[in-house]
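In what follows, a structure is listed as structure tokens, so that the remarks can point back to it.
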Amino acid sequence: MNRRVDTLLRTALGTVQGNALKPVTVLPQALRHRLAGAPIQIDGNVLDPDLQVLMRLENLLPSGRRSVANARSGLVTMSKLVAGHPRELQRVTELTVRGADGQLGARLYVPRTAGRGLLVFFHGGGWVVGDLDSHDAYCRDLAAEASIRVLAVDYRLAPEAEAPVAAEDAIAAFSWAVEHAEDLGADPALVAVGGDSAGGNLSAVVAQQCVLRGLPAPALQLLLYPSLDMVGRRPSRDLFGEGFYLTEEDIIWYREHYTPDPAVRSNPLVSPIFTKDLSGLAPAHIVTAGFDPLRDEGNEYAALLADAGVQVTHICEPGMIHGFANILALGGETRAAQLRIATRLREALF
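First residue of the sequence shown: 41, per the working numbering; consecutive thereafter.
As structure tokens, this is what we get:
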């Protein structure tokens with residue numbers, strides 16, 4: 041049965057890559073569940089069946105030891121696979137923002153209905169891969185659903201720029217956005233910071249460093265399945281280190297490229313979970329995923345913030361995997377989880 045299913049999926053894969061998963065998503069739910077196979081239940085959570093099908097498709101894609109160039113092009117391929125149909129907005133503008141050492145590329149998303157809020161967004165990709173295009177569909181969707189402006193920043197990547205260059209770029213870019221908020225059509229008091237995975241790491245760093253350096257603080261920090269600890273290891277790394285998109289091998293590969301010097305890994309600019317005093321930080325909305333190797337560090341950080349008196353909302357999406365926010369071609373529980381993120385942003389910033 042598994043061989044027959046894999047043959048069916050492999051036959052459809054070329055079409056799927058060019059048509060945003062539509063051949064899979066239009067199938068009746070019962071058939072999609074058959075393609076997924078037996079339910080996967082780990083640590084009390086059940087993997088969403090639609091994501092289970094997607095994981096099978098990913099396993100059929102070509103694999104092999106990656107170079108940085110191959111990893112970057114591979115993310116572009118995967119982004120196209122899962123992006124769905126990009127949302128139409130009132131305006132999408134290319135611009136530059138201040139980085140730590142010169143100008144950075146950026147992209148401003150303005151929805152047709154927009155409040156005065158602005159989210160400065162840092163993309164995921166392990167500080168090594170990802171760019172404005174890899175997260176374009178998600179930034180469009182977030183702007184449309186939350187009715188806010190989104191400013192995506194193309195910070196410098198490793199290995200060309202090792203840690204903490206990306207963090208310093210993020211701090212500089214966020215400060216620039218607050219200074220220029222009115223020019224961007226936003227209220228300086230309603231500028232939030234957010235990102236997914238490595239971008240969640242950078243967002244947590246920005247929220248901390250704004251307090252430590254006496255800079256204007258974000259109205260909200262949005263941390264989507266963030267990477268927060270480059271030193272420690274928690275049970276979720278063992279539970280979900282294989283077969284759920286982000287693997288243990290990936291985590292180590294990204295870490296070695298971003299922090300080739302192990303001595304910097306405990307620096308709060310790299311591992312924000314090590315900051316001793318978390319009091320006074322911006323309100324946080326933290327989203328973790330039940331089948332994510334980074335789940336436990338995100339859950340722990342949410343608890344640490346709450347213990348420090350920070351206003352925290354934390355949702356652990358039980359059936360989701362790392363990276364689910366970008367999987368816009370799926371509906372069902374994945375879409376519901378994405379909309380919960382947008383709703384929280386709209387409540388805080390609209």
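Ideal Cβ placement from N, Cα and C applies to all residues, glycine included.
Here the structure is a predicted model, which is why all the values come from computation and not from measurement.
Taking all protein chains in view, the Cβ of Ser311 is crowded by 16 or more other Cβ atoms within 10 Å, so the residue is classified as buried.
Per the C-alpha coordinates, the member of Leu379, His125, Glu282, Val160 positioned closest to Ala177 is His125. In this structure, DSSP gives Ala70 a helical state, which the three-state scheme calls helix.
In its chain, beyond the 5 residues on either side, Ser311, Ile313, Glu337 have a beta carbon closer than 7 Å to the beta carbon of Asp269.
With at least 16 other beta carbons inside 10 angstroms of its own, Gly239 counts as buried. In this structure, Ile355 sits away from Ala365, with a CB-CB distance that is not shorter than 8 Å.
According to DSSP, residue pairing for Leu148 in a beta bridge involves Thr133, Leu191. Beta bridge pairing from DSSP links Gln81 with Val86. Apart from sequence neighbours up to five positions away, the residues of its chain that approach Pro358 with a beta-carbon distance below 6 Å are Asn85, Gly330, ordered along the chain.
Annotation: His73 to Leu87 spans about 11 Å, alpha carbon to alpha carbon. Less than 8 Å separates the beta-carbon of Ala213 from that of Gly139.
Between Leu97 and Leu158, the C-beta gap is not smaller than 8 Å, which leaves the two residues out of contact.
Taking a 10 Å sphere around the C-beta of Arg335, we find 16 or more other C-beta atoms and assign the residue as buried. Under the three-state reduction of DSSP output, Glu357 falls in the strand class. Straight across, the Cα-Cα distance linking Leu182 with Glu340 is about 26 Å. For Ser237, the closest C-alpha among the options Ser267, Pro258, Ile211 is that of Ser267. In this structure, Ile326 sits away from Leu252, with a CB-CB distance that is not shorter than 8 Å. In this structure, Arg152 lies near Leu129, with their beta-carbon atoms less than 8 Å apart.
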